[in-house]
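Peer 1:
Numbering (my numbering), first residue to last: 1 to 287.
1. Compare the C-alpha of residue 148 against each of 190, 160, 138 and 88 and name the closest.
2. So, at 7 Å on beta carbons, what are the nonlocal neighbours of residue 87 in its own chain, with the 5 sequence-adjacent residues on each side left out?
3. Can residue 33 and residue 13 be called in contact, C-beta distance under 7 Å?
4. Short of 8 Å in beta carbon distance, which residues of its chain neighbour residue 207, apart from the five on each side in sequence? Order them along the chain.
5. Is it the case that the Cβ atoms of residue 246 and residue 287 are separated by a distance below 7 Å?
6. Take the Cβ of residue 64 as the centre, count every other Cβ of all protein chains shown within 10 Å, and call the residue buried at 16 or more, exposed below.
7. Compare the beta carbon distance of residue 137 and residue 110 with 7 Å and say whether it is the shorter of the two.
8. Going along the chain, which residues of its own chain have a beta-carbon closer than 8 Å to the beta-carbon of residue 261, five neighbours each way excluded?
9. Roughly how far, in whole angstroms, is the beta-carbon of residue 130 from the beta-carbon of residue 176, given that I think they are within contact range, below 8 Å?
10. Just to confirm the assignment: which complete alpha helix (DSSP H) runs, minimum length 4, are found wholly within the segment 46-73?
11. Determine which residues share a DSSP beta bridge with residue 112 and list them.
12. Considering just the uninterrupted stretch of the alpha helix (DSSP H) at residue 271, what are its terminal residues?
13. Leaving aside the five residues before and after residue 121 along the sequence, list all residues of the same chain whose C-beta is less than 8 Å from its C-beta, in chain order.
14. How many angstroms separate the CA atom of residue 150 from the CA atom of residue 224?
15. One question on the structure: do residue 108 and residue 135 come within less than 7 Å of each other, judged by their Cβ atoms?
16. Within its chain, find whatever has a CB closer than 8 Å to the CB of residue 264; leave out the 5 residues flanking it on each side and keep chain order.
17. Could you tell me how far apart the beta carbons of residue 240 and residue 179 are, in whole angstroms, since I believe they sit closer than 8 Å?
18. If you reduce the DSSP assignment to three classes, tell me which class residue 235 lands in.
19. So, does the segment 68-78 touch the segment 21-28, judging by three or more C-beta pairs under 8 Å?
20. On a CA-only basis, which of 59, 11, 2 and 7 is nearest residue 30? Give me that one, please.
21. Locate the alpha helix (DSSP H) running through residue 124, then write down its first and last residues.
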């Protein structure tokens, strides 16, 4: 099923959860604006969606997310005096920005209107026509924008997998984190590792010291069978991972076939996550 169709079928709470993650990756200005602010009913916490929040510098932003397809124009632009119909999201945002700028003249405001549907050109034009003040910027993020990010950006594909169930094909830092987690778990199972075997020993300290001092691209650890090479390698991988490095156990069968270290990494990644389409150019930035 296509991404657009799945977006349209999401209920309001699920779509807000998706947007909370997607917008932080998709829009740099919103990176610190949208924590996972979901209440017990699955709705975005009010202060994050109904008022301006600090973004960066002198910039403030507000985000209005909707799955309302019956009257999107009214949801964003209604400016009447009905007691039963609230002011449109954009109208409220413009009014609030105007109030705040009288106290803080150097403030700049961004209003994000987000929909899981396609927005026609006429409504796009009407929305931008409403904004006359230089200190206010409005941006519509609609289905086509979300599809572009979810289908073609590596981090977007990772979020698409999480929220929509469509497998990611491009490698991202987030997906690599999951792959490494499973890679080490399988390594631990393969060698029947006991946690008590991971205590720091003189051999481990000696190997760690030599690796830190080594300028070689490849370092070999050799010893007789039963001397704990696998356990030591696992401990080293965990140690480097805890320090924020990317680690990967590459199986002997992969090493035998690989023509280079990069090729071995690619083969192992594909083995650990079969939908992956990873190329050598994808490996260097992440390792």
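Glycine included, C-beta positions come from ideal geometry on N, C-alpha and C.
Peer 2: Answer, in terms of the structure:
1. 160
2. Cβ neighbours of residue 87 beyond the five flanking positions: 78 and 79.
3. no
4. Hits under 8 Å: 221, 232 and 236.
5. yes
6. buried
7. yes
8. 217 and 218
9. With a Cβ gap of about 43 Å, residue 130 and residue 176 do not count as contacting.
10. 46-50
11. 63 and 139
12. 261-272
13. none
14. Rounded to the nearest angstrom, the two C-alpha atoms are 50 Å apart.
15. yes
16. 250, 254, 255 and 258
17. Contact doesn't hold; Cβ gap of about 16 Å is too wide.
18. helix
19. The segment 68-78 and the segment 21-28 do not touch, with fewer than 3 CB-CB distances between them shorter than 8 Å.
20. 59
21. Segment 121-130, the alpha helix (DSSP H) holding residue 124.
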